[in-house]
Structure formats: structure tokens, C-alpha cells
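One rule links them: number in my numbering = place in the sequence shown (from 1) + 79.
Note that CB positions come from ideal geometry on N, CA and C, so glycine has one too.
Here is the structure we will look at, set down as C-alpha cells.
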Amino acid sequence: MRKSVVSKDAKYCEGSIVKIKLENVLTYDSVEFKCGPHLNVVIGPNGTGKSTIVCAICLGLAGKTSWLGRAQSPTDFIKYGKSKARIELELYNSDGDNWTIAREINKEGQQTRWWVNGRAATQKAVEELVSRLNIQVGNLTQFLPQEKVADFAKMSESELLENTEKAVGDPEMYERHQKLKESRTNAKSLEQEFQNLQERINQEVQKNARIEQDVKNFEERENFLAKIATLEIKKAWVKYECERLQYMSTKEEKEQKEKKLKEIRAAHAPLMKKLDDAKKNKESIDNMMKTKGLELKEAAKKAEANGKEGDNLTDKYVEAQDELKFKKDQEDARKKRVRDLNKQLEALENELQNTEETEDVQPLLEKVNRGMRETQQKLGHINMEGENLRGKIEGRRRNINGMSKDLQALRNIENQRLQTLRAKHKDTYDAVMWLRENRDKFKGNIHEPIMLCVNMKDPHMAKYLENHISFNDMRAFVCDTSEDMNTFMDLMREDQKLRVNAVKTPPRVSLDTCHPKHPIQQYRKYGFHSYLMDLFTCPEAVMKFLCTQYKVQSIPVGDNRTKELVDKIVKEQPDLNCFYTADNQYMIKKSRYDGSTSSRSVKLKNPTLLTVSMDDNREKELVNQIQIETESVRKEEDLYNNMKVQSRQLDKHLNELREDRKSLMTRKDIKKKLQSQISAKKQTIQNVEGEAIDLDAEEKKVAKKFQDINAKKFKNLQQYLENTQKCVKASTEKVRMSLRHAETIREYNRLEADIREQSQTLQSAESEFERIKEKLRNCKEVAKRLLLAAKRASGTGPDEEVSPSLKSTFAGLPDTIEEIDNCIHEHQVRADCTVQTDERVVREFKRRKEEIERLETQLANKEQERDSHQATIEEAKSQWLDPLQELIGRINKSFSHFFSCLKCVGEVDLHIPDNPEEYSKYGVRIRVKFRDSEQLRELSPFHQSGGERSVTTVLYMMSLQELAKCPFRCVDEINQGMDPHNERKVFELVVNTVCNKSASQYFLLTPKLLPDLEYAKNMTVLCVYNGPDMLNHKDWNLKKFLQLRARLED
80 MRKSVVSKDA KYCEGSIVKI KLENVLTYDS VEFKCGPHLN VVIGPNGTGK
130 STIVCAICLG LAGKTSWLGR AQSPTDFIKY GKSKARIELE LYNSDGDNWT
180 IAREINKEGQ QTRWWVNGRA ATQKAVEELV SRLNIQVGNL TQFLPQEKVA
230 DFAKMSESEL LENTEKAVGD PEMYERHQKL KESRTNAKSL EQEFQNLQER
280 INQEVQKNAR IEQDVKNFEE RENFLAKIAT LEIKKAWVKY ECERLQYMST
330 KEEKEQKEKK LKEIRAAHAP LMKKLDDAKK NKESIDNMMK TKGLELKEAA
380 KKAEANGKEG DNLTDKYVEA QDELKFKKDQ EDARKKRVRD LNKQLEALEN
430 ELQNTEETED VQPLLEKVNR GMRETQQKLG HINMEGENLR GKIEGRRRNI
480 NGMSKDLQAL RNIENQRLQT LRAKHKDTYD AVMWLRENRD KFKGNIHEPI
530 MLCVNMKDPH MAKYLENHIS FNDMRAFVCD TSEDMNTFMD LMREDQKLRV
580 NAVKTPPRVS LDTCHPKHPI QQYRKYGFHS YLMDLFTCPE AVMKFLCTQY
630 KVQSIPVGDN RTKELVDKIV KEQPDLNCFY TADNQYMIKK SRYDGSTSSR
680 SVKLKNPTLL TVSMDDNREK ELVNQIQIET ESVRKEEDLY NNMKVQSRQL
730 DKHLNELRED RKSLMTRKDI KKKLQSQISA KKQTIQNVEG EAIDLDAEEK
780 KVAKKFQDIN AKKFKNLQQY LENTQKCVKA STEKVRMSLR HAETIREYNR
830 LEADIREQSQ TLQSAESEFE RIKEKLRNCK EVAKRLLLAA KRASGTGPDE
880 EVSPSLKSTF AGLPDTIEEI DNCIHEHQVR ADCTVQTDER VVREFKRRKE
930 EIERLETQLA NKEQERDSHQ ATIEEAKSQW LDPLQELIGR INKSFSHFFS
980 CLKCVGEVDL HIPDNPEEYS KYGVRIRVKF RDSEQLRELS PFHQSGGERS
1030 VTTVLYMMSL QELAKCPFRC VDEINQGMDP HNERKVFELV VNTVCNKSAS
1080 QYFLLTPKLL PDLEYAKNMT VLCVYNGPDM LNHKDWNLKK FLQLRARLED
């Protein structure tokens, strides 16, 4: 690269690029050059490294690789064969030494190191410095790389507005716009909350209105019941008061009676003394009679015990007699049994003598036993074979179930793929579901998205296909005919409102022609094992498209050994321009100018779409195996059923042989059985004869027992006589005492009668006193009970008085029981006539009423919050919208002027949505007209050609140039597609605007320029060359070159 001479009096703006130095960056080994303060035209053939300068500026200022659209990782920008790269940018500083930002990118560990002015720094510090200088390499209105030129026209109006605000607006303008969008969202939320509260209040009010009359009825009835309750309380207290007055009156009467009784008792004291003496004498005789009664009872008890003892002895005597009689009966029975057994023995012996010799059944028995053994052996053999066969059948069924599950799991892979598509792109998923139900709308076949049609033979190889085919094509439907494709896309976009992709199967292409130039065996020495086409299967139409569009039949796939042989592959196989190693994709490019070869390596992304694949061979194998196993099971079940029939027949024959054997055994054992019975009878007779009883000894034992019983009976009778005599004596004495006791009682009763006769007044007084005392006690109990009831009814404590409020309430109520009962009856009738309402309804009404009051408070607060928020939005809107409209007006003025210079029409205005509160829908609308016969049309990828879009893009950026507060702008190959007339005019406008009117720096990259263009003195032209014979920039001496040029001209 050649250096340009920079005028010493040229003035840079703050943050402009003064110098760029690159080492091992893409096409450059080492380069260093200075930039002019105004327009820098970077010109050179394609592939020489112009765009590398743009990439270096972006990466050197902490930009993201996604903004460039070329690679995913910074390490992808390291020159092939090098381990690290270095970018160094010098930025102008008006207050002192310039800023020098350096970045070193290392492949090892994917590391990046930063320096600012020679000191180590962090990426965050670099980002803060870049932001402070208002450098926005991610803004397409400031920094437009080659790969992003087409994205400018694709920007929506709102995206263009935000980029314009960031590029030329006041620093607070973009922030205010974002705050307005956020505030609008909050306002919607507040409004929704306000409406929800209102709706909820209305619902609650309507619910309460429906039951309000029922609540009124309930309250009216409750008022009647409350009055009844109050009257009941008053009635309780009135009852108590009446009983209390009765008690006080009875108490006074008792005191008078008691006084009179004491006077009467004092007059009858002597007679009472005699009565007491008689009473004491009566009690003494009573005690003596009780003692004598106890003596009589004890003697009688002993006599009774003697009587019982005599009865027991008599019972024992009878038991001894019965026992002797039982012994005699038992001996008689034994003798009779012996006689019977002898008769049975005689009968058996006669039967044995009369029994003839039995036939010889042994040969028949052996024949039957032999038949049983043979049948059992056959039955056991068949049963064993049947069990083995049944085990084999169950094993085969288990195998069938296992293979069926495996087959089901294989076939479930399609659903997993479909769910992956749903997560990645919902519109395409909906389109697939629609297509499955509407295939009859199309003449030909429409294949589902490629990612659903492709089936990887080995899921581990999915990363190669996913990295090779773009996601847009992965989700594309493949149509056999153009007519079907157009119909399908119209239905999706217009009727279903779905954003989907569709492609057409290449016409006149046969799979027979889709084969690699060389067989894969030619490349195996480099580690290649297959072509990309060999890694998957898919429908024929899909394969035709992939072969035509992506050359899958010519892309070899290698392993780790391939990565080590990349240099050798590039050198020895020039026809390979793309191939894969284990983890990387390599793209080989050959320069059209000098024939030099360059390569680019991209690390493969992890696969996400095709990792789940179905093995077709495995599916066919499983289906075939299931069919074979099912047929085997059917045959073996038939054989097993035949064996079961044979087993039942053999079992039946074995049972018949068992019956024959049993009959023969019976015929063989009759004589032996009789002999055995005779021996058993003889043994039984011997045992019975051994059980004889000695009756003489038994009679002696009983006589001895009789003698002992008689002695005990005699002694018991003597004791009984003594106890009887004691009873007679005690009874006689008790009778005498009874006579004395009767005389004493008569005397006591006579005295009592005398007292009663003489003291009628006293008895009458005592009776009256007892009566009045009982009455007083009853009155007191009733009064206490009524007092407790009254306090309980009124809620008064045991030691408390009636409250003043209750007394005041009682004052307005009747005072008599009768009047109170009448009032209670009247109020009860009214309460009964009122419609009764469920108490739960009333509780719900009150709860809802409280809820309504709470919600109304919330509604008022929410309304105040909403109004306050809206006022804040209006204030912020005026601070944002007025300066924005002024800014757009200035941009439109410059933009219209530039288009008029081209004899075209262009306008820029602020698009305000139908709802001015939707701040996210505000946008910059660019409308252009390149021909008189056309109307002004908005800039879009569909309405204008590529050259027209390029003209519009560069003129819009030129319109921002005069307003720009950014240090520099960069546009890469914007003139591609322009016709010569427009390209010349645009170049003149760029030169005039940047070099004469603008204070900021401008980079224009182009592979060619038209002849005889007008140049400005303060513009800088940087010419980029590349090739094997290039001189290193350190060895370049511009001064000597100029001197040599001057000598040649002379």
C-alpha cells in the first residue's frame, strides 16, 4: 500500500483517524499509512484488501464482528497461517497527544489484548473512549461495510430514525426517544390498569345492586329481631324485679313468724324435758335389742351351716352307692362285648375258610404298570417341549415389543424436528401444518422445509450440512413448479399472514449429472472420507436443489488429519475451493490479478436442527425383523396348540390305566385283608379281657367310705343341736326386750300426744314457720336464677350493674310483662312477614361494599398517576419532537438539493403514525423518484434497483455529513451498480460536500473510478495493491519516488 502525503496545515476533527497500522490482518502481512482529515478515497482491485481496512477500523474500535457481516469470531480475521494479528489506530486529539488504540488478537485461547497510548487497557475502557468521541461503528448511517450496504435499504423507518438520532441528533434526542417509548408502554399499562379497575368496580356495583333489596329486607328483619331481643332483656329484668319484691315481702313475713315461734317454745320447755327423757330410754332399749338380734343371727347361721354339712354327707353316701353300681354295670358291658367280639371272629374265620384262591393278576398288573410308565414318559417329553416352545414364543414376543418400541422411537424423530422448527421459526411451523391439510390446492408436489426432509445418516455429521446451508434455505419449502410456488407464497403472505421462504426445483437437472468431478478415493490421502452429499438422504427434488445451489456433491469432508494438511491441499488441489475439516470450514480464493491464493477458515457452529435424524436402513431392518418374528410366533403357536392336544389325550389315557391298576390291586388283596381282620379281632378280644374289674375289692372300699360318712354325720348333728338351743334362748330374751320397748314407745307416744294436745298453737306456729321459710328459700332461688338470666341476656357481668345506655333504652319500653309480651308478639309478626334472606348474602354484600370503596380509592390514585404520567410524556414529547422535526427538515433540505443536482427528486420526512402516542412507530421516510414518469416512492429493496438504492444511500449519508457530530464516516463500494452518469454526479457531490463544507472525515472505498473526475486539493487518495512483488511499506520512500518522477518529466 502507498502512503499519502498529508498537508501540515490540514485540520482534523476530534476523534478522526490519523494513522492505521496492521499486522497479519486478513490479506496484509504488515502495512502502515496515514489518513487525510477530509475525504479519503481508498481504491484498488477486488480482493486486494480494501474491505480489510474497514474491518480493521471496526475491530480496532471495539466493534462487534456481527456489524461487519463477514465472520463470527475476531480470530477469523487473522491472516491464514499466522497465530495472531495486531491493529493499531491513531485518533486525533486537539488537547494534546493523539490517542493510540492497539488491539492484539490471538488464536490460542481466543484472547484479545488492548492498549491505549501504550498502556494495557480493557475493552470496556476502549468502548468508553470511543463513545465519548461519538464514534458509532455499529450505526449504518456512519459506518457502512460492504456486506451491510444492502441492509441500509432494508432498515425499517423506525430503525433509520434511531440510527439518524444517534448519528446527527443531540445526545439527549435518542435517549428521550427511548424514554418516550418506554413511557408509552407504561402509559398503556396504566390505562389498562385504570380500565380494569373501572370494569371491576362496575361489576361489583352491579352484583351488589342485584341483592340490595334483599339486604334491606334482611336489615329490616334484623331491626325487628333486635327490638325483640331488647324487649326479651327488659322482660328478664322485669321478671327479676317482680321476684325480688316478692322475696323482700316474704322475708319480712318470715321474721315475724320466727319471733312468734320462739315465744311459744319458751312456754312449753318442761313438757319437752320429759319427752327427751322418754326418747333417751327408747333409744337405750333399741340398742339392747340390736345386740340380742346379732347373737340370734349368729347362732342361726351356725345351725344353718350344720344342716348344710349334713346334706353334703348324705350326698357323698349316695355318690358312693352310685359309683359301686356303675362299676357293676361296666363289668357286665365288658363281658357282653367279649361275647360279641368272639362271634365276629368266628364269622371272619368261616369267611376265610370259604374264600377260594384268587386268580394270578400279576401279569396284567405289570402290563398296566408298563403302559403307565410309557405314557408318563411321552407326556413328560411333550410337556417339556411345550414349555420350551412357550418360552421361545414369549422371548420372540418380547423381541417384537422391543423392536416395536425402537421403531416407534425412530419414527418419533420427525415430531422432534417439527418442535425444533416451531421454536426456531413459528411462521414456518404454522405453514407446514397448513400444507399438510391443504395439499389438494396444488397441482404438483410441495416438499416441506429442507430441515424436515433431510435425514442425516450419522447425526454427528449434521454440523457440516447446517454450516453449509443457510437457515433461510433450511426453512424453505421446495416446489416442483413455478405456478405452485407462486400460489403457495400468495396464500402464505396474503391469506395466512406468514413469513416463509420457498424455492423451486431446478428444471432440466437430473441426479445422474449431480456427481463429483473426482471420486472421494482420490482425496483420501488428505483425510477426506466422503462428500457432503454422501452424509444425508432426502427427496430427489430437494437433492437437486442442494446440488445446484450448494454443490453438496463437490464439497469433501475430512477429519483432524485434513486440518494439518491444509497447505498441501491448497497447493496440490487447486480445484477445491471449499472443504471441511473436523471443526472448520475452509474457503479458498484465487486472485484474478496475480493468481495468488488466499484462504479463510471459519469455526463450525454447533448443530441445532439436524442432530435428530432417522436411520432409514435401521427402520427397514426393524420392520423386516418384526414381520419375521411375527410369522415365527404364529407357526410356533400352532405347534404349541397341537402339543397341548396330544398332552390332553395322553393324560386321559394315563387316568384310564390308573383305574385298571386300582381294580387289579383290589382283586389281588381280598384274602390278605380277611387274615389281617382276624388278627386284629383277636388282639381286640385280648385287650378287652384285660380290662376286667374286681367287684369284691370295690364293695369293700364302698363299705369303708359308708362308715366314715356316718361318723361325720353324728358329730355334725350334735353341733346342730347345740346351736339350735342357743337360738331358742336368744329369741326368748329378745321377745322380753321387745315388750319393754313397746311399753317405752307407748309412753313416748303418750307424751307426744300430750304435747300435741297441749301445744296445738306451737305446732301450728312451727308449721307456718316452715312453710314461710320454704317459700322464702324458693323465692330466693327463683330470684337468683332470674338475675343470672337477666345479666346473661343483657351481657352484664356477675359483679356489674346494668349500663346507663341499657337503662336509657329500657326507659322507652313498657314496664309490665303483659305489655312487653304484646310488643314482642307484634314485632315477631312483622319480622315473620318480612322476606327472609340468607345471612351469607348479606355478608357478601358488605364485603363487596368494602371492596368497592377500596377499589374506588385505588381508581382515584391510578387516575391521578395516569394523568401525571401523561403530563410528563407531553412535556418530554415537546422536548423531543420539535428538535427532531427541525433536524429532519435540515436533512430533507440537503437531501432534496443533492437529488436535484442529479435531476431527480428526493424527500426525507418524519413519518408520524395515526396514533401520535405510538412513539415506537415514528420513523424517517425516504421517498425518491429517478424518472419523470414515476411517482415518489419509498426506498425499499423491492421498488428501486441496486444502483438507485446505492445513490439514495450515499446521498442520505451526505445529507448527514454537514450535520454530523461524528469524527468520521465510512462507506464501502457504495458505487457498485450505479450507472456512469449517477456515479460521476455522486462523486462530485461527495467531493464538494466533504472537502468544502464538512468538518468531519470520510472514507470512500471503491474498486474503480470513472475517468476525468474532478478532485479537490484537500482530498486523499489511497491506492491498494497486492501481489508477490510488492515492496514492504517500511522500504517505501515517497520523497525519492517524487524526485525520480520529476527527472523523468524533465
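- Distance between glutamate 291 and histidine 906, taken at the CA atoms: about 23 Å.
- Rounded to the nearest whole angstrom, the C-alpha separation of serine 887 and arginine 909 is 25 Å.
- For cysteine 1045, there is no enclosing beta strand (DSSP E), since its DSSP letter is neither H nor E.
- Methionine 571 has no beta-bridge partner at all, per DSSP.
- Burial state of glutamate 735 is exposed, judged by a 10 Å Cβ sphere holding fewer than 16 other Cβ atoms.
- Looking at the DSSP output, aspartate 1051 shares a beta bridge with Leu1084.
- With a threshold of 16 other beta carbon atoms within 10 Å, glycine 139 meets it and is buried.
- At the C-beta level, valine 533 and phenylalanine 624 stay beyond 8 Å of one another.
- 8 Å or more divides the Cβ of threonine 127 from the Cβ of serine 677.
- With contacts defined by Cβ atoms closer than 8 Å, leucine 544 and leucine 500 do not form a contacting pair.
- Under the criterion of beta carbons closer than 8 Å, leucine 118 and alanine 1095 qualify as touching, at roughly 7 Å.
- DSSP places histidine 990 in the strand class (E or B) of the three-state scheme.
- Apart from sequence neighbours up to five positions away, the residues of its chain that approach glutamine 455 with a beta-carbon distance below 7 Å are Leu733, ordered along the chain.
- If one requires a minimum length of 4 residues, the alpha helix (DSSP H) runs lying completely within the segment 741-794 are 749-768, in chain order.
- Relative to leucine 373, the option among Cys1049, Lys808, Ala869 and Phe1120 whose CA is nearest is Lys808.
- Fewer than three pairs of CB atoms, one per stretch, sit closer than 8 Å, so the segment 652-659 makes no contact with the segment 461-468.
- In the structure shown, tyrosine 665 adopts extended strand secondary structure according to DSSP, grouped into three states.
- C-alpha of arginine 475 to C-alpha of arginine 727: approximately 26 Å in a straight line.
- The segment 312-326 makes contact with the segment 851-870: 3 or more CB pairs, one atom from each, lie closer than 8 Å.
- According to DSSP, histidine 526 shares a beta bridge with Val557.
- Per the C-alpha coordinates, the member of Thr154, Ser173 and His904 positioned closest to arginine 192 is Thr154.
- Exclusion of the five residues before and after aspartate 509 leaves Gln575 and Leu577 as the residues of its chain whose Cβ lies within less than 8 Å of its Cβ.
- According to the DSSP assignment, phenylalanine 658 belongs to the beta strand (DSSP E) that extends over 657-659.
- Counting of Cβ neighbours within 10 angstroms places phenylalanine 924 among the buried residues, the total reaching 16 or more.
- Nearest in C-alpha terms to cysteine 902, of all of Ser145, Lys306 and Leu168, is Lys306.
- Between threonine 560 and the set His526, Arg572, Ser589 and Met571, the nearest pair of CA atoms involves His526.
- Glutamate 398 and lysine 406 have their C-alpha atoms roughly 12 Å apart.
- Apart from the 5 residues on each side of it in sequence, lysine 941 sits with its Cβ closer than 8 Å to the Cβ of Leu269, Glu272, Phe273 and Leu276 in its chain, given in chain order.
- According to DSSP, glycine 985 shares a beta bridge with Val1007.
- Between glutamate 986 and arginine 1006, the gap from beta carbon to beta carbon is short of 8 Å.
- In chain order, Asn663 and Tyr665 place their CB closer than 6 Å to the CB of serine 680, counting only its own chain and leaving out the 5 sequence neighbours on each side.
- DSSP places serine 680 in the strand class (E or B) of the three-state scheme.
- Spatial neighbours of glycine 248 in its own chain (CB-CB distance under 8 Å, excluding positions within 5 residues in sequence) are listed in chain order as Pro962, Leu963 and Leu966.
- Distance check between lysine 792 and each of Leu239, Ala384 and Tyr629 places Ala384 closest, using alpha-carbon atoms only.
- Cβ neighbours of glutamate 619 within its own chain (closer than 7 Å, five residues either side excluded): Leu590.
- Ranked by how close their Cα comes to the Cα of histidine 820, the residues Ile599, His547, Gln498 and Glu362 have Glu362 in first place.
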